[in-house]
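The next block holds one structure in the form of structure tokens; read it before the comments.
There are 2 protein chains.
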Amino acid sequence: MLKKENVSLSVIRRLPRYHRFLADLMRSGITRISSKELSRRMGLTASQIRQDLNCFGGFGQQGYGYNVEQLHREIGVILGIDKQYPAIVVGAGNIGRAIALNFDFSQMGFEMIGIFDINPSIIGMPIRDLTVADVAGIEAFCQKHHPRIAVLTVSRSAAAEMAEKLIHLGVSGFWNFSHYDFSVKYPGVIVENVHLSDSLMTLCYMVKDLSEKGTSIEVLKD
Amino acid sequence: MLKKENVSLSVIRRLPRYHRFLADLMRSGITRISSKELSRRMGLTASQIRQDLNCFGGFGQQGYGYNVEQLHREIGVILGIDKQYPAIVVGAGNIGRAIALNFDFSQMGFEMIGIFDINPSIIGMPIRDLTVADVAGIEAFCQKHHPRIAVLTVSRSAAAEMAEKLIHLGVSGFWNFSHYDFSVKYPGVIVENVHLSDSLMTLCYMVKDLSEKGTSIEVLKD
DNA sequence: TAGATTGTTAATCGATTAACAATC
DNA sequence: TAGATTGTTAATCGATTAACAATC
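Following this line, the structure appears as structure tokens:
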């Protein structure tokens with residue numbers, strides 16, 4: 335199915351957004367869409383959409399456009415969210431619990447098979463169909479169940495050691511919420527960093543920038 | 335202080351990461367750093383670091399490098415995190431609470447002045463020095479306190495109406511955790527989207543891609 | 001002064017956009 | 001068939017990297 339050998343990360347990062355907008359279209363009962371109309375809704379160019387999709391194959395039909403339901407499904411397959419890679423959550427504090435409670439991992443390619451924490455007052459807490467386990471047992475757990483990815487929500491100080499341990503236990507990917515940046519230290523290990531504070535600082539810059547440029551918010555508002 | 339009129343978003347998005355690495359250096363007691371050494375630690379090129387910083391001015395010294403503490407402070411000022419823009423959290427579910435509890439907004443340019451929810455069993459709950467208020471009173475609150483940004487963690491279905499309401503109440507920026515993408519609908523309004531599910535799907539792609547290419551994880555591991 | 005490293009200009013690379021022939 | 005819209009090639013644009021003169 336793959337046409338291009340190496341698809342750029344910029345393209346990959348747009349795929350989930352296409353997937354989301356296509357799901358919206360399905361909900362609205364729209365069954366076909368042109369790259370032009372989709373580009374209008376998403377704030378992109380039609381050219382870019384066609385270029386992006388053609389990295390993976392020709393999913394459209396000349397003169398017709400794309401079948402919404404089919405394209406939605408195909409993008410899901412490209413992303414691999416039809417898989418069920420075993421995953422664990424390490425750190426069951428506020429963020430870890432919120433993630434575990436709010437996300438349906440099974441819809442995003444993963445099966446949540448374990449949650450761990452070091453805090454005795456959190457260990458034993460039920461979260462969905464799992465129970466928070468003592469992180470002391472994580473080594474035995476990994477040797478038995480071989481999780482492919484770990485959601486890392488431990489503190490900055492604990493992250494370095496934990497990442498190293500998990501890599502040696504065979505974990506090949508991390509959804510990293512900790513403030514520790516280990517993508518540089520372990521090249522070859524897949525790390526998807528979620529630095530929420532970076533995102534908030536970027537927002538701060540944009541708010542400040544808008545203020546300083548004195549652009550009338552009133553004008554922009556309507 | 336600004337040298338360049340319009341700095342690209344790619345550059346802006348790297349600033350918080352520089353800020354974070356510089357804070358690390360300060361903690362390690364390192365007082366000066368060259369672009370070369372910093373690039374090695376961050377996994378970038380020295381050229382890029384110098385280009386990025388020179389969008390805002392010359393912070394270094396030939397033959398010496400950069401003063402860590404000074405550069406850290408300067409980047410903070412560029413980002414505007416020394417400001418205290420009033421902010422509210424709308425939606426105090428798992429994600430909203432986790433965000434409100436974990437983040438020190440004051441260190442990222444914002445002051446948290448209110449938290450709102452629609453659910454009676456959540457209203458009245460204390461979160462840090464605030465209490466979750468009934469979202470019914472959000473209009474009166476905004477007219478009185480004029481929050482600049484809103485952290486939006488309401489459901490997809492509630493997001494559209496809430497965004498519109500807040501925009502008309504003068505909120506000019508959103509930290510958007512909802513699945514509703516309104517950056518296209520309201521151009522001019524600042525929206526920093528945090529689509530955690532997009533991030534997780536991207537990780538899924540990378541894990542799948544690694545599996546399919548059959549690259550030996552063993553080799554990469556050590 | 002000599003060595004180091006910046007600030008900045010020029011070259012390269014990659015990503016986005018435009019154009020259009022192919023075709024449903 | 002005629003109209004529409006894709007898939008794909010070519011042109012443009014922007015971002016990254018390289019090079020080097022300026023200077024601490």
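Protein sequences appear in the order of chains A and B.
Residue 335 is where the first sequence starts when you use my numbering, and the numbers rise one by one after that.
Residue 335 is where the second sequence starts when you use my numbering, and the numbers rise one by one after that.
Backbone N, C-alpha and C define an ideal beta-carbon position, used for all residues, glycine too.
Of the residues the options, which one's Cα is nearest the Cα of residue i?
| i | options | result |
| --- | --- | --- |
| glycine 430 of chain B | B:Asp438, B:Ile449, B:Leu413 and B:Asp416 | B:Ile449 |
| serine 344 of chain B | B:Leu387, B:Ala470 and B:Glu445 | B:Leu387 |
| leucine 530 of chain A | A:Arg375, A:Trp509 and A:Gly522 | A:Trp509 |
| methionine 376 of chain B | A:Tyr514, A:Ser362 and A:Pro460 | A:Tyr514 |
| serine 491 of chain A | B:Asp416, B:Ser342, B:Val341 and B:Arg361 | B:Arg361 |
| serine 342 of chain B | B:Gln385, B:Leu359 and B:Asp358 | B:Gln385 |
| phenylalanine 437 of chain A | B:Asp532, B:Gln396 and B:Lys478 | B:Asp532 |
| histidine 406 of chain B | B:Gly397, B:Asp358 and B:Gln382 | B:Asp358 |
| cysteine 476 of chain B | B:Lys499, B:Ala494, B:Ala493 and B:Pro460 | B:Lys499 |
| glycine 522 of chain B | A:Leu544, A:Ile383 and A:Gly394 | A:Leu544 |
| isoleucine 461 of chain A | B:Glu495, B:Gln395, B:Gln404 and B:Asn428 | B:Asn428 |
Check whether the Cβ atoms of residue i and residue j sit closer than 7 Å, and answer yes or no.
| i | j | result |
| --- | --- | --- |
| glutamate 526 of chain B | leucine 537 of chain A | yes |
| alanine 426 of chain B | aspartate 451 of chain B | yes |
| isoleucine 472 of chain B | glycine 507 of chain B | no |
| methionine 446 of chain B | methionine 535 of chain A | no |
| serine 512 of chain A | valine 485 of chain A | no |
| leucine 356 of chain B | valine 402 of chain B | yes |
| isoleucine 346 of chain A | tyrosine 539 of chain B | yes |
| glycine 504 of chain A | histidine 480 of chain A | yes |
| isoleucine 412 of chain B | phenylalanine 390 of chain B | yes |
| isoleucine 456 of chain B | valine 466 of chain B | yes |
Below 6 Å CB to CB, which residues in the same chain sit around residue i once its five sequence neighbours on both sides are set aside?
| i | result |
| --- | --- |
| phenylalanine 516 of chain A | Ala497 |
| isoleucine 409 of chain B | Leu349, Tyr352 and His353 |
| glutamate 495 of chain B | none |
Let me know if residue i comes out buried or exposed under the rule of 16 or more other beta-carbons within 10 Å of its beta-carbon.
| i | result |
| --- | --- |
| alanine 421 of chain B | buried |
| glycine 414 of chain B | buried |
| glycine 392 of chain A | exposed |
| asparagine 453 of chain B | exposed |
| aspartate 416 of chain A | exposed |
| isoleucine 364 of chain A | exposed |
| leucine 435 of chain B | exposed |
| valine 518 of chain B | exposed |
| alanine 474 of chain A | exposed |
| cysteine 547 of chain B | Sequence check: residue 547 of chain B is lysine here, not cysteine. So lysine 547 of chain B counts as exposed. |
| glycine 397 of chain A | exposed |
| lysine 542 of chain B | buried |
| serine 550 of chain B | Its pLDDT being 44, under 50, serine 550 of chain B is placed unreliably by the model, and the measurement read from it follows with that caveat. Serine 550 of chain B should be labelled exposed. |
Under 8 Å Cβ to Cβ from residue i, same chain only, skipping five residues before and after it: list those, please.
| i | result |
| --- | --- |
| alanine 380 of chain B | Ser368, Ser369, Lys370, Leu372 and Ser373 |
| glycine 399 of chain B | Arg366, Ile367, Ser368, Ser369 and Glu371 |
| isoleucine 433 of chain A | Val423, Val485, Thr487 and Phe511 |
| glutamine 404 of chain B | Phe393 |
In the DSSP assignment, the alpha helix (DSSP H) including residue i goes from what residue to what residue?
| i | result |
| --- | --- |
| alanine 474 of chain A | 472 to 479 |
| leucine 372 of chain B | 369 to 376 |
| phenylalanine 355 of chain B | 343 to 361 |
| aspartate 386 of chain A | 380 to 387 |
| leucine 500 of chain A | 490 to 502 |
What residue does the beta strand (DSSP E) around residue i start on, and which one ends it?
| i | result |
| --- | --- |
| glycine 391 of chain B | Careful: glycine 391 of chain B lies outside any beta strand (DSSP E) and carries neither H nor E. |
| aspartate 532 of chain A | Segment 530 to 547 is the alpha helix (DSSP H) holding aspartate 532 of chain A; no beta strand (DSSP E) there. |
| methionine 446 of chain A | 444 to 451 |
| alanine 426 of chain B | From DSSP, alanine 426 of chain B is part of no beta strand (DSSP E); its letter is neither H nor E. |
| isoleucine 524 of chain B | 524 to 527 |
| leucine 405 of chain A | Per DSSP, leucine 405 of chain A belongs to no beta strand (DSSP E); it is in the alpha helix (DSSP H), 402 to 413. |
| isoleucine 301 of chain B | Look at the range of chain B in this structure, 335 to 556, and you will see that residue 301 of chain B is not part of it. |
| aspartate 468 of chain B | 464 to 468 |
| asparagine 510 of chain B | 507 to 510 |
If you drop the 5 nearest sequence neighbours on each side, which residues of the same chain put their C-beta closer than 7 Å to that of residue i?
| i | result |
| --- | --- |
| serine 440 of chain A | Gln418 |
| valine 528 of chain A | Trp509, Asn510 and Phe511 |
| lysine 383 of chain B | Lysine is not the amino acid found at residue 383 of chain B; the sequence shown has isoleucine there. Here the set comprises Ser369, Leu372 and Ser373. |
| tyrosine 520 of chain A | Ile501 |
Is the beta carbon of residue i within less than 6 Å of some heavy atom of the ligand PLP?
| i | result |
| --- | --- |
| leucine 464 of chain A | Among the components modelled here there is no ligand, and therefore nothing to report on the ligand PLP. |
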